[in-house]
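Asks: Heads up: the sequence shown begins at 193 in the working numbering, then just goes up one per residue. Here a beta-carbon is modelled for each residue, glycine too, at the ideal position from N, C-alpha and C. Please read through the structure below; I'll follow up with questions.
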Amino acid sequence: MQSKIIVALDFDSESKALAFVDRVDPEQCRVKVGKELFTRCGPSLVKQLVARNFDVFLDLKFHDIPNTVAHAVAAAADLGVWMTNVHASGGSDMMNEARESIATLSPAERPILIAVTVLTSLSAEDLQAVGVRASPAEQVLSLARLAQDAGLDGVVCSAAETASLRSALGTEFCLVTPGIRREEDAKGDQKRVVGPAEAIANGSDYLVVGRPITQADVPLEALADFNRAISGS
Ligand code: C5P
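Shown next, in the form of structure tokens:
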């Protein structure tokens, strides 16, 4: 069975990203390409990762008018990615059109489509400053429900939100959780972190892990350690 660990390939060049993946078996992890790596290296790197049999999460958090986002999601599917995402705050029509743009693909070709609810970098005050009166927790839940009602497959959520979203949204809704650290890992800029086994126990389907693996002295050992921590789950 393939790993539930998604390694964030937060590298600034194709050669660094490929140097990492060329030492890893696609059974050991999936990989995430975010805005920096995509903007530097583009679709060609994504295609190379897909050609090496990696499940690629294209994390570009699309947010635009429905027609534009629908075409962008279809373009992501054309690259052969396994998962991609949009901002739930783009609204129901945007999410519906995004889902419809890939609805006719076969299950093997259709990427898992998830939504970002509230960026974890935003505080209650930040939300109020952009006109959102709800608390971050309330806003996360209402945007996650909006995503579910639009037929999306899941959401990205912080470890702090996983258990409540799992109970509110049911077992079929996919929860993808960053901010994962073992006890020995530096937190970096993550404020609230959870261990890998605990995140899975709380209901996460996939764990996004970046620096604890990519910046480790021996990245492959760190990856194996994360896989061991969640084995049997
Ligand atoms: O290095 P680290 O494990 O903190 O990397 C986490 C990855 O997950 C990064 O690519 C980061 O952009 C992403 N992410 C996050 N928090 C969110 C959403 C995405 O850390 N709320």
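For a quick check, are the C-beta atoms of Ile-372 and Leu-399 less than 8 Å apart?
Replies: Here residue 372 refers to the residue found at position 180 of the sequence shown. Here residue 399 refers to the residue found at position 207 of the sequence shown. The answer is yes: Cβ separation under 8 Å.
Asks: Return the bridge partner residues of Thr-276 from the DSSP annotation.
Replies: For the purposes of this step, residue 276 is identified with residue 84 of the sequence shown, where counting begins at 1. According to DSSP, which records beta bridges pairwise, Thr-276 is partnered with Leu-250, Leu-305.
Asks: Hey, is Arg-403 close to the ligand C5P, as in C-beta under 7 Å from one of its heavy atoms?
Replies: For the purposes of this step, residue 403 is taken as the residue at position 211 of the sequence shown. Result yes, Cβ under 7 Å from the ligand C5P.
Asks: Can you name the start and end residues of the beta strand (DSSP E) that Ile-198 belongs to?
Replies: To locate residue 198, count along the sequence shown from 1; it is residue 6. Run containing Ile-198: 197-200, per the beta strand (DSSP E) assignment.
Asks: Is it right to say Asn-277 is buried, meaning 16 or more other beta carbons lie within 10 angstroms of its own, or is it exposed?
Replies: Numbered from 1 along the sequence shown, position 85 holds the residue referred to as residue 277. Answer is buried; the Cβ neighbour count reaches 16.
Asks: Excluding the five sequence neighbours on either side, which residues of its own chain have a C-beta within less than 6 Å of the C-beta of Ala-352, listed in chain order?
Replies: Numbered from 1 along the sequence shown, position 160 holds the residue referred to as residue 352. Result list for Ala-352: Arg-384, in chain order.
Asks: What whole-angstrom Cβ distance do Gly-346 and Ile-306 have, given they're in contact under 8 Å?
Replies: What you label residue 346 is simply residue 154 of the sequence shown in a count that begins at 1. What you label residue 306 is simply residue 114 of the sequence shown in a count that begins at 1. With a Cβ gap of about 4 Å, Gly-346 and Ile-306 count as contacting.
Asks: If you scan the segment 206-235 from start to end, which runs of the beta strand (DSSP E) of 3 or more residues do you find wholly inside it?
Replies: Complete beta strand (DSSP E) runs here, min 3: 222-225.
Asks: Looking at C-alpha atoms only, which residue of Ala-342, Ala-268, Ala-355 is the closest neighbour of Gly-234?
Replies: The sequence position of residue 234 within the sequence shown is 42, counting from 1. When only C-alpha atoms are compared, the closest one is Ala-268.
Asks: Kindly identify the DSSP beta-bridge partner or partners of Cys-349.
Replies: Position 157 of the sequence shown, counted from the first residue, corresponds to residue 349. Answer is none; Cys-349 lacks a bridge partner.
Asks: Does the distance from the C-beta atom of Ser-195 to that of Arg-222 stay below 8 Å?
Replies: Indexing the sequence shown from 1 puts residue 195 at position 3. Indexing the sequence shown from 1 puts residue 222 at position 30. Going by C-beta atoms, Ser-195 is nearer than 8 Å to Arg-222.
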